[in-house]
Amino acid sequence: MRKLVPSPSLPTATALAGTPEMAAVALALALRGWWEEVNGSPAWQDGAFFSLSAAYALVSAVALVQLIRIQLRVPEFGWTTQKVFHLMNFVVNGVRAVVFGFHAQVFLFQTKVYTLVLLDLPGLLFFSTYTLLVLFWAEIYHQAKNLPTDKLRIIYMAVNGVIYVIQVCIWIYLGTNDSPLLEPVSKIFISVVSFLALLGFLIYGGRLFFMLRRFPIESKGRRKKLYEVGTVTAICFTCFLIRCIVVAMSSFDPDLSLEVLDHPILDFFYYMLTEILPSALVLFILRKLPPKRVSAQYHPIR
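Residue 1 is where the sequence shown starts when you use the UniProt record's numbering, and the numbers rise one by one after that.
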């Protein structure tokens, strides 16, 4: 007679069925443990923030070299939009390089508002730098459509002025009142500012792009300008969109906070995607020097 083989018991079958789920849980726990170990590692923290500092310093140096080249090319002109744009890039990236170079001190201030100022102020300067491109494109669009341009610079300065005043008021209140509710408000404000920037690129970058596409004369200059406007709009829209979403999420989730020392990987990818790579790409796209003689009325960014 054949020996009967007992069928697996119910608990054994359940355990076997649950093996993939258990493996997934074990993998998740292992990854979480690795993530916490990385976040708490001084070596990872130094590596991430010193890498950011070096990258910012490189972009700042490129902007400065380009500014000097432009000045040597057209010394007879004053502070054109192109020169101001490169100067602001030099300042923003230079400040970031110094801040992350001293990250151990910056993130460990006893008064948290000092850390917020050193991290948020360059972000606002980045906003002012790249919305300068929006202003530039708005002037081109209005000139092409025979619309008035005299109020565009006033609007640009007014919007930036209001943003800086509101942010300074938030910093002052944070420095005098240790309210846990105001820091998320500050982050939401930065998120709104980023949304305004991406909206500006979407509106005027999009308008200028489609206006150039409808331009009847086909030429190499038109194709180049179309490529320039399209790529810069896409880059800046994307970087401000990422900033808007991440900062808004960090205001509700402490695990996504960017103002702490123990989130080195998050900080590295955030600043790389929202500032360093966009700045490097835009500087590369706009690398062409202006002609030695241009109209006194209009000095394009090239």
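Ideal Cβ positions, reconstructed from N, Cα and C, are used throughout, including at glycine. Bear in mind that the values here come from a model prediction, so they are computed numbers and not experimental data.
For residue i, three-class secondary structure by DSSP
| i | result |
| --- | --- |
| residue 151 | coil |
| residue 79 | coil |
| residue 253 | coil |
| residue 6 | Because the pLDDT at residue 6 is just 45, under 50, the model does not fix this residue reliably, and the point stays unresolved. |
| residue 193 | helix |
| residue 264 | helix |
| residue 1 | At residue 1 the pLDDT is 41, less than 50, meaning the model places this residue with poor confidence; the figure from the coordinates comes in the next sentence. Coil, per DSSP. |
| residue 122 | helix |
| residue 287 | coil |
| residue 90 | helix |
| residue 296 | With a pLDDT of 46 at residue 296, under the threshold of 50, the modelled position of that residue is not reliable, and no figure is offered here. |
| residue 282 | helix |
| residue 109 | coil |
| residue 46 | helix |
| residue 186 | helix |
| residue 259 | coil |
Close-in-space but distant-in-sequence residues of the same chain around residue i (CB under 7 Å, 5 per side omitted)
| i | result |
| --- | --- |
| residue 87 | 67 |
| residue 276 | 55, 56 and 59 |
| residue 47 | none |
Residue i versus residue j - alpha carbon distance
| i | j | result |
| --- | --- | --- |
| residue 305 | residue 20 | This structure cannot settle anything about residue 305, because the visible part of the chain is limited to 1 through 302. |
| residue 57 | residue 39 | 24 Å |
| residue 103 | residue 144 | 47 Å |
| residue 282 | residue 241 | 16 Å |
| residue 261 | residue 108 | 8 Å |
| residue 154 | residue 125 | 18 Å |
| residue 235 | residue 205 | 11 Å |
| residue 76 | residue 195 | 38 Å |
| residue 180 | residue 169 | 16 Å |
| residue 49 | residue 214 | 46 Å |
| residue 254 | residue 98 | 26 Å |
| residue 182 | residue 114 | 15 Å |
Spatial neighbours of residue i in its chain, beta-carbon cut-off 6 Å, leaving aside the 5 residues before and after
| i | result |
| --- | --- |
| residue 191 | 244, 247 and 248 |
| residue 85 | 132 |
| residue 90 | 60, 63 and 64 |
Residue environment, residue i, which counts as buried when at least 16 other CB atoms sit within 10 Å
| i | result |
| --- | --- |
| residue 123 | buried |
| residue 79 | exposed |
| residue 96 | buried |
| residue 105 | exposed |
| residue 239 | buried |
| residue 163 | buried |
| residue 165 | exposed |
| residue 93 | buried |
| residue 184 | exposed |
| residue 146 | exposed |
Any non-hydrogen atom of the ligand MG closer than 7 Å to residue i Cβ
| i | result |
| --- | --- |
| residue 189 | With respect to small molecules bound, the structure shown includes none, and the ligand MG cannot be examined in it. |
Beta-carbon separation (whole angstroms), residue i vs residue j, contact threshold 8 Å
| i | j | result |
| --- | --- | --- |
| residue 129 | residue 139 | Their Cβ separation, rounded to whole angstroms, is 17 Å, which puts residue 129 and residue 139 out of contact at 8 Å. |
| residue 226 | residue 209 | 7 Å |
| residue 258 | residue 251 | Going by Cβ atoms, the distance from residue 258 to residue 251 rounds to 10 Å, so no, they are not a contact pair. |
Same chain, Cβ closer than 8 Å to residue i, five either side skipped, listed in chain order
| i | result |
| --- | --- |
| residue 158 | none |
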